[in-house]
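Trainee: In the working numbering, the protein residues as written are 82 to 454. Just so you know, even glycine gets a beta-carbon here, dropped at the ideal spot from N, CA and C.
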Amino acid sequence: IKSPSDDSVSDFKTSTQFTPENRENLGAIIGSLKKTTVMMIRVVARSLIRGESFHRHTSMAAFPAMSLDDFFRSRRTMTMTMMMSTDSSPDSYSHSSSPEKTTSLKEEEDEKKETKAQSNAMVSSYWGVTKKKITREDGTEWPWNCFMPWETYAADLSIDLSKHHVPKTFSDKFAYRTVKILRIPTDLFFKRRYGCRAMMLETVAAVPGMVGGVLLHLRSLRKFEQSGGWIKALLEEAENERMHLMTMVELVQPKWYERLLVLAVQGVFFNAYFVLYLLSPKLAHRIVGYLEEEAIHSYTEYLKDLNDGKIENGPAPAIAIDYWRLPKDATLKDVITVIRADEAHHRDVNHFASDIHFQGKELSESPAPVGYH
Numbered sequence: 082i083k084s085p086s087d088d089s090v091s092d093f094k095t096s097t098q099f100t101p102e103n104r105e106n107l108g109a110i111i112g113s114l115k116k117t118t119v120m121m122i123r124v125v126a127r128s129l130i131r132g133e134s135f136h137r138h139t140s141m142a143a144f145p146a147m148s149l150d151d152f153f154r155s156r157r158t159m160t161m162t163m164m165m166s167t168d169s170s171p172d173s174y175s176h177s178s179s180p181e182k183t184t185s186l187k188e189e190e191d192e193k194k195e196t197k198a199q200s201n202a203m204v205s206s207y208w209g210v211t212k213k214k215i216t217r218e219d220g221t222e223w224p225w226n227c228f229m230p231w232e233t234y235a236a237d238l239s240i241d242l243s244k245h246h247v248p249k250t251f252s253d254k255f256a257y258r259t260v261k262i263l264r265i266p267t268d269l270f271f272k273r274r275y276g277c278r279a280m281m282l283e284t285v286a287a288v289p290g291m292v293g294g295v296l297l298h299l300r301s302l303r304k305f306e307q308s309g310g311w312i313k314a315l316l317e318e319a320e321n322e323r324m325h326l327m328t329m330v331e332l333v334q335p336k337w338y339e340r341l342l343v344l345a346v347q348g349v350f351f352n353a354y355f356v357l358y359l360l361s362p363k364l365a366h367r368i369v370g371y372l373e374e375e376a377i378h379s380y381t382e383y384l385k386d387l388n389d390g391k392i393e394n395g396p397a398p399a400i401a402i403d404y405w406r407l408p409k410d411a412t413l414k415d416v417i418t419v420i421r422a423d424e425a426h427h428r429d430v431n432h433f434a435s436d437i438h439f440q441g442k443e444l445s446e447s448p449a450p451v452g453y454h
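#1: Cβ atoms of Met329 and Met280: under 7 Å apart, would you say?
#2: From this set, Lys414, Ala401 and Arg406, which residue's C-alpha is nearest Asp389's C-alpha?
#3: Determine the contact status of Ile417 and Tyr380, defining contact as a CB-CB distance below 7 Å.
#4: Could you compute how far the alpha carbon of Tyr371 sits from the alpha carbon of Glu331?
#5: Whole angstroms is fine: what's the gap from Arg137's alpha carbon to Lys116's?
#6: For Glu374, I'd like the list of residues in its chain whose CB is within less than 7 Å of its CB, leaving aside the five on either flank, ordered along the chain.
#7: What number of angstroms, rounded off, separates the C-alpha of Thr259 from the C-alpha of Ile265?
#8: Could you tell me the distance, in whole angstroms, from the CA atom of Gln440 to the CA atom of Ser361?
#9: For Arg367 versus Ala449, is the C-beta distance shorter than 7 Å?
#10: Determine the DSSP secondary structure at Pro396, reduced to helix, strand or coil.
#11: Have a look at Glu480 and Lys213 and give me their C-alpha separation to the nearest angstrom.
#12: Leaving out five residues on either side along the sequence, give the residues of the same chain with a beta carbon under 7 Å from the beta carbon of Asn71.
#13: Taking only the alpha-carbon atoms, compute the straight-line gap between Ser177 and Thr211 and give it to the nearest angstrom.
#14: What does a CB cutoff of less than 7 Å around Pro396 pick up in its chain, not counting 5 residues either side in sequence?
#15: With DSSP run on the structure shown, which of helix, strand or coil describes Thr221?
#16: Which of the three DSSP states is assigned to Thr118 in this structure?
#17: By Cβ distance, which residues of its chain are closer than 8 Å to Lys409, with the 5 residues on each side in sequence left out?
#18: Tell me whether Thr211 sits in a helix, a strand or coil according to DSSP, three-state version.
#19: Taking the straight line between their C-alpha atoms, what separation do you get for Arg406 and Thr216?
#20: Identify every run of the alpha helix (DSSP H) within the segment 363-442, keeping only runs that are complete inside it and at least 4 residues long; order them along the chain.
#21: Pick helix, strand or coil for Thr284, following the three-state DSSP scheme.
#22: Buried or exposed: which applies to Lys363, given that a residue is buried once 16 or more other Cβ atoms fall within 10 Å of its Cβ?
#23: Going by CA-CA distance only, name the one from Ser447, Asp191, Asp436 and Ala109 that's closest to Thr250.
#24: Under 8 Å by Cβ, that's how I've got Ala287 and Glu322 pegged, so tell me the actual separation to the nearest angstrom.
#25: Measuring alpha carbon to alpha carbon, tell me which of Ala425, Ala434, Glu443 and Ser447 ends up nearest Ala236.
#26: Near Ser301, what residues of its chain come up, given a Cβ to Cβ distance below 6 Å and the 5 sequence neighbours on each side ignored?
#27: What three-state label does DSSP hand Ser445 in the structure shown?
#28: Under a Cβ-count criterion, where at least 16 other Cβ atoms within 10 Å of its own Cβ denotes burial, should Met291 be classed as buried or exposed?
#29: Looking at the secondary structure, which residues open and close the alpha helix (DSSP H) in which Met324 lies?
#30: For Thr284, count neighbouring C-beta atoms within 10 Å of its own C-beta (all shown protein chains included) and say buried if the count is 16 or more, exposed if not.
#31: Starting from Asp457, follow the alpha helix (DSSP H) in both directions and report where the run begins and ends.
#32: How many Å lie between Leu186 and Ala109 at the Cα?
#33: Report the CB separation of Ala376 from Leu238 in whole angstroms; it is logged as a contact under 8 Å.
#34: Any idea what DSSP makes of Met147, helix, strand or coil?
#35: For Asp241, which residues of its own chain have a beta-carbon under 8 Å away from its beta-carbon, when the five flanking residues on both sides are left out?
#36: Residues in its own chain within less than 7 Å of Arg278 by CB, not counting five upstream and five downstream?
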């Protein structure tokens, strides 16, 4: 191997002398390499902790391309500066102007901001799952991910609120007395704080539809038979009750002990209702029917306090306006009115389901009330 001559080494040293600007570019390169190394360490550590594939986090959508761009840009700038800086006189420093450098730095900052915004999104288009642009009727962007415009509806306010199933059989009387007994501690705890009462009520009311829908779904899979639309009907009921809860949370901020109570009540009620539905779907639906009758009564009392001025009739939450297609100037009274109408519909559906079982039939033999929500 031929070693370089002294003259070539001298020329190399002269052409690569480190001016102040060269040192600055070198610092930018080192900084970029540091950022790249730190990001690589974080990605590997996250993959090891979560047990995920390393390649999942090293996609171009999630990995900051900024560091490499900065590295090559700074490398080119440094090389050009070295080539132009063979003359180390003060005049040569004056020619490495600041306007061009300022423009370059500004462009780099803009690119960094844009790349940071893209990296924060952390969304990969590999699976083809992307959110389409959805707008309201007035052209504004749809703000909700928990429900879509085609899932909204206008509640049936003409529904009869005074209906009541008179208990005749032993199971009906047992269901009715059970609900009345459960109401006693609720009245003692919440009294006339109907906002908090409604929040607790909706955490319980959203359970039966989900339990019934899941068990009917499993039954349909086991027996290779259709459900008659009842799976969808019950799951729609559970989703509707959950939206009631999301609306009430916007109106009432639960305290820590109320959240703790929700955990306890929901945990006990879910398991109890699950076992009850396995043993007697007729009794389970009847209990829910009476629970919905109590919900109608509670929301009626809520409306009385609103009309009497005991509770402020403030503006309706934005989520309620979009979900129930309410006018823009809707108030809390409008929200409670549509929620009460929903509860009346759930009352009718569950009493109807219990009557089907009482006649010795299966739910699949009668058409499900699908399409209300």
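Mentor: Let me spell this out:
#1: Looking up residue 280 in the sequence shown gives position 199. Looking up residue 329 in the sequence shown gives position 248. Yes. Within cutoff.
#2: Within the sequence shown, the letter at position 308 stands for residue 389. Out of Lys414, Ala401 and Arg406, Lys414 has the C-alpha closest to the C-alpha of Asp389.
#3: Within the sequence shown, the letter at position 336 stands for residue 417. Within the sequence shown, the letter at position 299 stands for residue 380. For Ile417 and Tyr380, yes; Cβs fall inside 7 Å.
#4: Along the sequence shown, read from residue 1 onward, the residue named residue 371 stands at position 290. Along the sequence shown, read from residue 1 onward, the residue named residue 331 stands at position 250. Distance between the alpha carbons of Tyr371 and Glu331: 27 Å.
#5: Position 56 of the sequence shown, counting from 1, holds the residue named residue 137. Position 35 of the sequence shown, counting from 1, holds the residue named residue 116. Here Arg137 scores only 46 on pLDDT, less than 50, and its place in the model is too uncertain to base an answer on.
#6: For this step, residue 374 is matched to residue 293 along the sequence shown. Cβ neighbours of Glu374 beyond the five flanking positions: His245 and Arg428.
#7: Here the question's residue 259 lines up with position 178 in the sequence shown. Here the question's residue 265 lines up with position 184 in the sequence shown. If I take the Cα positions, the gap works out to 10 Å.
#8: In the sequence shown, the residue the question calls residue 440 occupies position 359. In the sequence shown, the residue the question calls residue 361 occupies position 280. For Gln440 and Ser361, the distance between alpha carbons rounds to 13 Å.
#9: As a position in the sequence shown, residue 367 is number 286, starting the count at 1. As a position in the sequence shown, residue 449 is number 368, starting the count at 1. Not a contact, by the Cβ cut-off of 7 Å.
#10: In the sequence shown, residue 396 corresponds to position 315, counting from 1. Strand at Pro396.
#11: No statement about residue 480 is possible, as the shown extent of the chain runs from 82 to 454 and does not include it.
#12: The requested residue 71 does not occur in the structure, where the chain is confined to residues 82 to 454.
#13: Translated into positions along the sequence shown, residue 177 becomes position 96. Translated into positions along the sequence shown, residue 211 becomes position 130. With a pLDDT of 45 at Ser177, under the threshold of 50, the modelled position of this residue cannot be trusted, and the question is left open.
#14: Start at 1 with the first residue of the sequence shown, and residue 396 comes out as number 315. Counting only Cβ-Cβ distances below 7 Å, and skipping sequence neighbours, we find Thr412.
#15: Translated into positions along the sequence shown, residue 221 becomes position 140. In the structure shown, Thr221 sits in coil (DSSP, three-state: anything other than H, G, I, E or B).
#16: In the sequence shown, counting from the first residue as 1, residue 118 sits at position 37. Of the three classes helix, strand and coil, the one that applies to Thr118 here is helix, per DSSP.
#17: Working through the sequence shown from its first residue, we reach residue 409 at position 328. Same-chain partners within the cutoff: Ile402.
#18: For the purposes of this step, residue 211 is taken as residue 130 along the sequence shown, with counting starting at 1. Coil, per DSSP.
#19: Mapped onto the sequence shown, residue 406 falls at position 325. Mapped onto the sequence shown, residue 216 falls at position 135. Answer to the nearest angstrom: the Cα atoms are 14 Å apart.
#20: 399-404 and 413-439
#21: On the sequence shown, position 203 is the one that residue 284 refers to. Thr284 falls in the helix class under three-state DSSP.
#22: Here residue 363 is taken as the residue at index 282 of the sequence shown, counted from 1. Buried, because 16 or more other Cβ atoms sit within 10 Å of the Cβ of Lys363.
#23: As a working mapping, residue 250 is identified with position 169 in the sequence shown. Checking every option, the nearest Cα to that of Thr250 belongs to Asp436.
#24: Numbered from its first residue, the sequence shown carries residue 287 at position 206. Numbered from its first residue, the sequence shown carries residue 322 at position 241. At roughly 4 Å, the Cβ-Cβ gap stays under 8 Å, so Ala287 and Glu322 are in contact.
#25: Counted from its first residue, the sequence shown places residue 236 at position 155. Measuring from the Cα of Ala236, the nearest candidate turns out to be Ala425.
#26: Indexing the sequence shown from 1 puts residue 301 at position 220. Cβ neighbours of Ser301 beyond the five flanking positions: Ser308.
#27: For the purposes of this step, residue 445 is taken as residue 364 along the sequence shown, with counting starting at 1. Residue state, collapsed to three classes: helix.
#28: By 1-based counting over the sequence shown, the position of residue 291 is 210. Its Cβ being crowded by 16 or more others within 10 Å, Met291 is buried.
#29: Here residue 324 is taken as the residue at index 243 of the sequence shown, counted from 1. Taken as a continuous stretch (DSSP letters only), the alpha helix (DSSP H) holding Met324 covers Trp311 to Leu332.
#30: Counting from 1 along the sequence shown, the entry for residue 284 is found at position 203. Classification for Thr284: buried.
#31: Here the chain has residues from 82 to 454 only, and residue 457 is not among them.
#32: As a working mapping, residue 186 is identified with position 105 in the sequence shown. As a working mapping, residue 109 is identified with position 28 in the sequence shown. Between Leu186 and Ala109, the C-alpha separation is close to 11 Å.
#33: On the sequence shown, position 295 is the one that residue 376 refers to. On the sequence shown, position 157 is the one that residue 238 refers to. Not quite, the Cβ-Cβ distance comes to about 16 Å (not below 8 Å), so this is no contact.
#34: Translated into the one-based positions of the sequence shown, residue 147 becomes position 66. Confidence is the limiting factor: at Met147 the pLDDT is only 46, short of 50, which leaves the residue's position unreliable, though a coordinate-based value still follows. Helix at Met147.
#35: Translated into positions along the sequence shown, residue 241 becomes position 160. Ala425.
#36: Position 197 of the sequence shown, counted from the start, is the residue given in the question as residue 278. Only Thr267, Phe271 and Ser379 meet the Cβ criterion.
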